[in-house]
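Chemist: Before we start, here is the structure in question, set down as structure tokens.
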Amino acid sequence: MNSAYRTYAAKRLVQAVVVILLAYVFTFVVVSILPGDPITNVLRNPQNGFTEDQIREIIAAQGLDRPVLVQLWSSFSSFLVGDLGLSMRSHRPVATLIAEVLPSTLILAFAGLVVALLLAVVIAYGTRFLPKRFGQGLLRGFPSLFLSVPNFVIGLVLIHLFGFQLGVFRVIEPDSFWATLFAAIALGIPISAQIAEVLIANLDHEAGQEYAAVARSRGLGKARLFAKHLLKPSSLPVVTVIALTIGELLGGSLITETVFGRTGIGSLVQRSVSTQDLPVLQAVVSLAAVVFVVVNLIADLTYPLLDPRVKLLGTPERRPATADEGSSTISQAVTS
Amino acid sequence: MTLASSYSTAPATNWLTALRVPPSVALSLAIIVLAIAWSLAPGLFTSHDPVNGVPAHKLLGPSLQYWFGTDHLGRDLYTRVVYGTASSVSSAMIAVLIGVIAGGFIGLLAGFLGGWVDTVLARLVDVLLAIPKFLLAVIVVTAIGFDTTNAAIATGVSAVAVFARVMRSEVIKTRQATFVEASFLLGGSRWHILWRHVLPNASRSVLPLAVLHFGDSILVIASLAFLGYGDPPPASDWGLLISIGKDYLKWPWLVYAPAFVTIATVLSVNRISRWLRKTD
Chain A
32 MNSAYRTYAA KRLVQAVVVI LLAYVFTFVV VSILPGDPIT NVLRNPQNGF
82 TEDQIREIIA AQGLDRPVLV QLWSSFSSFL VGDLGLSMRS HRPVATLIAE
132 VLPSTLILAF AGLVVALLLA VVIAYGTRFL PKRFGQGLLR GFPSLFLSVP
182 NFVIGLVLIH LFGFQLGVFR VIEPDSFWAT LFAAIALGIP ISAQIAEVLI
232 ANLDHEAGQE YAAVARSRGL GKARLFAKHL LKPSSLPVVT VIALTIGELL
282 GGSLITETVF GRTGIGSLVQ RSVSTQDLPV LQAVVSLAAV VFVVVNLIAD
332 LTYPLLDPRV KLLGTPERRP ATADEGSSTI SQAVTS
Chain B
67 MTLASSYSTA PATNWLTALR VPPSVALSLA IIVLAIAWSL APGLFTSHDP
117 VNGVPAHKLL GPSLQYWFGT DHLGRDLYTR VVYGTASSVS SAMIAVLIGV
167 IAGGFIGLLA GFLGGWVDTV LARLVDVLLA IPKFLLAVIV VTAIGFDTTN
217 AAIATGVSAV AVFARVMRSE VIKTRQATFV EASFLLGGSR WHILWRHVLP
267 NASRSVLPLA VLHFGDSILV IASLAFLGYG DPPPASDWGL LISIGKDYLK
317 WPWLVYAPAF VTIATVLSVN RISRWLRKTD
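Protein chains in written order, with this note's numbering: chain A, 32 to 367; chain B, 67 to 346.
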């Protein structure tokens, strides 16, 4: 907790707030300025059956007849005080709509993250200590394979195999324990790949260090070496990667919820997209940005505390060898 | 004599080692070539009609006549996959181009000019990174309308930030190189140095990333098509085929066949990307 850390923390905090506010403005610009007029698309859609009077009423209630900048300012200022506005479809507060479905998505996302972490550690352990002839090379290919499978395909395969063929869970009960577990597996597999890649690269790096050789020469078994010496230093950079995958957990839950028929943020987004319910979309995207920024802020702020070797030179100087294969996006984001 | 022969073989072996590709990469290249051929001339690879089926032959399993089986309207699934390649693959190409060009430009400016330009662009990139990629693609495609080209544009927009970051760090690395300094001292203008020295060197590491993102874009576009944000049926984007197939899970090949093609393609693209990065 020296002064360098305090300066760094203050700087990151300000940055995070700026990014959240800009993300709100950006989303507003995307949904309201781009071509195509979603407002009249929804309101004048014959399926919705609004009369001209009702349309005028809604437009007045939402303030859609004002200039765009005025609209931006009013929605922005209400966002600042935590008011997310009214849904254009159901006229209920967006905050209520989100609060209703949030727990389901949080459960799924958390379970997905747990699955991803377990899977990543198992794969990483296997690549280090499985004998070559038992498919060590094959295991190293797993992250690449996981990243090549669309997660709706994983979901459908799980539903087909475990839902229909083996009857482990029933598709019509999406919130049952087993259905949730398989949804979490579908969500977690692609994310485990990213974590595993970084973990494997770090394990390779740590295993080449002298302390590992010393431990081995003292006769330490592979499993103990992994658990007692290699895992901890290798998993520190993983903290950053996990923080970066939060966005993917949210984005992935959109598809996973559709595939498994769950009600959550994802299905709310889907419904709002098909009815072009802009206030809801705006709120969900902004909240997703808030979650992402806050989680990454926490990760960045705890990182120097967890790893005293990290020097704070304005921006944190990260350790080398975060990843070598297939995750240049991550390593870039981590190192830059 | 020995001198002459060793002299003449040296470049040849270099050339051979440069071209020697591991078998898995060769297989990946073959798969990509096949996918490109499917998208350029689908009619050469199948004699069935992708839109009109034979109702009497509906929901047949894979056979010699129907390689991937038939769907609920009696259409040959293999034919639908082949005809869907063009939009699935070319839209991913559009997405990557948008990401590379827009992101590359942002990164180039930020890295080369530095100062307040860098600060402003860095915040913009932070904003793009803060919004979950898939969610970003979804709202962009919602704003500009549902079809496959728009899905490609949305996917491209969601990739801009990553390319901008990589380009920026590469440009900064290159800008500090001695030969760039030399070019400055020789009186080269900023733009000359930018185009002649910085851009070619910095873009070298962007290539494997672009290839990687090509695979990623295929997945994102398939996901958007799966959710119904692409072209509606009878288009046969791979994601749409899987989405239709999910309602017929009793006939699992309707999901497995297009899924297998998608996975094989993306896996090949990823393999090639990794190989490019290693040989670099």
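The beta carbon of each residue, even a glycine, is placed where N, CA and C say it ideally should be.
Listing by chain order, which chain B residues have their CB less than 9 Å from the CB of A:Ile286?
Modeler: Phe200, Ser289, Phe292, Leu293
Chemist: Sort out for me which residues DSSP pairs B:Thr136 with in a bridge.
Modeler: B:Asp142
Chemist: Interface residues of chain A around B:Thr328 at Cβ under 9 Å?
Modeler: Ser179, Val180, Pro181, Val184
Chemist: Of the choices A:Asp338, A:Val322, A:Leu328, whose alpha-carbon is the least far from that of B:Ile197?
Modeler: A:Val322
Chemist: Against A:Arg307, what residues of chain B qualify as contacts under a CB-to-CB distance less than 7 Å, listed in chain order?
Modeler: The question names Arg, yet the displayed sequence has Gln at residue 307 of chain A. Ordered by position in chain B, the residues that pass the 7 Å Cβ test against A:Gln307 are Thr208.
Chemist: The alpha helix (DSSP H) with A:Arg302 in it runs from where to where?
Modeler: 296-305
Chemist: Using a Cβ cut-off of 8 Å, which residues of the stretch 178-192 of chain B contact any Cβ in chain A, in chain order?
Modeler: Arg189, Leu190, Asp192
Chemist: Using a Cβ-Cβ cut-off of less than 7 Å, list which residues of the stretch 299-326 of chain A approach chain B; keep chain order.
Modeler: Val300, Gln301, Val304, Gln307, Leu312, Val316, Ala319, Ala320, Phe323, Val324
Chemist: How far does the alpha helix (DSSP H) with B:Tyr314 in it extend, from its first residue to its last?
Modeler: No alpha helix (DSSP H) contains B:Tyr314, which DSSP labels as neither H nor E.
Chemist: Please look up how many angstroms separate the CB atoms of B:Ile308 and B:Phe326, rounded, as I've assumed it's under 8 Å.
Modeler: With 8 Å as the limit, B:Ile308 and B:Phe326 do not qualify as a contact, their Cβ atoms being about 10 Å apart.
Chemist: Tell me whether B:Leu186 is buried or exposed, calling it buried when 16 or more other Cβ atoms sit within 10 Å of its Cβ.
Modeler: Sequence check: residue 186 of chain B is Val here, not Leu. Looking at its Cβ environment, which holds fewer than 16 other Cβ atoms inside 10 Å, B:Val186 is exposed.
Chemist: How far does the alpha helix (DSSP H) with A:Ser266 in it extend, from its first residue to its last?
Modeler: 262-291
Chemist: Using 10 angstroms around the beta-carbon of A:Gly345, count the other beta-carbons present and answer buried if the total reaches 16, otherwise exposed.
Modeler: With a pLDDT of 44 at A:Gly345, under the threshold of 50, the predicted position of this residue should be treated as unreliable, and no value is reported.
Chemist: Should B:Ala276 and B:Val166 be called a contact, given that it needs their Cβ atoms to be closer than 7 Å?
Modeler: yes
Chemist: How do the stretch 300-310 of chain A and the stretch 112-121 of chain A stand: do at least 3 beta-carbon pairs fall below 8 Å, yes or no?
Modeler: At 8 Å Cβ cutoff, the stretches touch.
Chemist: What does A:Gly278 reach in chain C if we use C-beta pairs closer than 7 Å?
Modeler: The chain inventory of the structure shown lacks chain C, comprising the protein chains A and B.
Chemist: With a cut-off of 7 Å, does the C-beta of A:Ser121 fall near any C-beta of chain B?
Modeler: It does not: the Cβ of A:Ser121 has no partner Cβ on chain B nearer than 7 Å.
Chemist: In the DSSP assignment, the alpha helix (DSSP H) including B:Asp297 goes from what residue to what residue?
Modeler: First-last for B:Asp297: undefined, no H or E at that position.
Chemist: Taking B:His258 as part of the alpha helix (DSSP H), name the residues at either end of that continuous run.
Modeler: Run containing B:His258: 256-259, per the alpha helix (DSSP H) assignment.
Chemist: Classify B:Glu247 as buried or exposed, calling it buried when 16 or more other Cβ atoms lie within 10 Å of its own Cβ.
Modeler: exposed
Chemist: Can a CB atom of chain A be found closer than 7 Å to the CB of B:Ile205?
Modeler: yes
Chemist: Nearest-angstrom Cα distance between A:Lys259 and B:Ile259?
Modeler: The alpha-carbon atoms of A:Lys259 and B:Ile259 are separated by roughly 51 Å.
Chemist: In whole angstroms, what separates the C-alpha of B:Ser339 from that of B:Leu278?
Modeler: Taking the straight line from one Cα to the other gives about 5 Å.
Chemist: Could you tell me which of B:His114, B:Gly180, B:Ser224 sits nearest to B:Ala158, measuring between CA atoms?
Modeler: Here the closest residue by C-alpha is B:Ser224.
Chemist: Using CA atoms only, rank isn't needed, just tell me which of B:Ser302, B:Ala176, B:Ile287, B:Val147 is closest to B:Leu265.
Modeler: B:Ala176
Chemist: Examine chain B for any beta-carbon lying closer than 7 Å to the beta-carbon of A:Phe110, and answer yes or no.
Modeler: no
Chemist: In whole angstroms, what separates the C-alpha of B:Asp297 from that of B:Thr136?
Modeler: 21 Å
Chemist: Check A:Leu115 in the structure and name its three-state DSSP category.
Modeler: When DSSP states are grouped into helix, strand and coil, A:Leu115 belongs to the coil group.
Chemist: Locate the alpha helix (DSSP H) running through B:Ala101, then write down its first and last residues.
Modeler: It spans 89-106 - the alpha helix (DSSP H) in which B:Ala101 sits, taken as one unbroken run.
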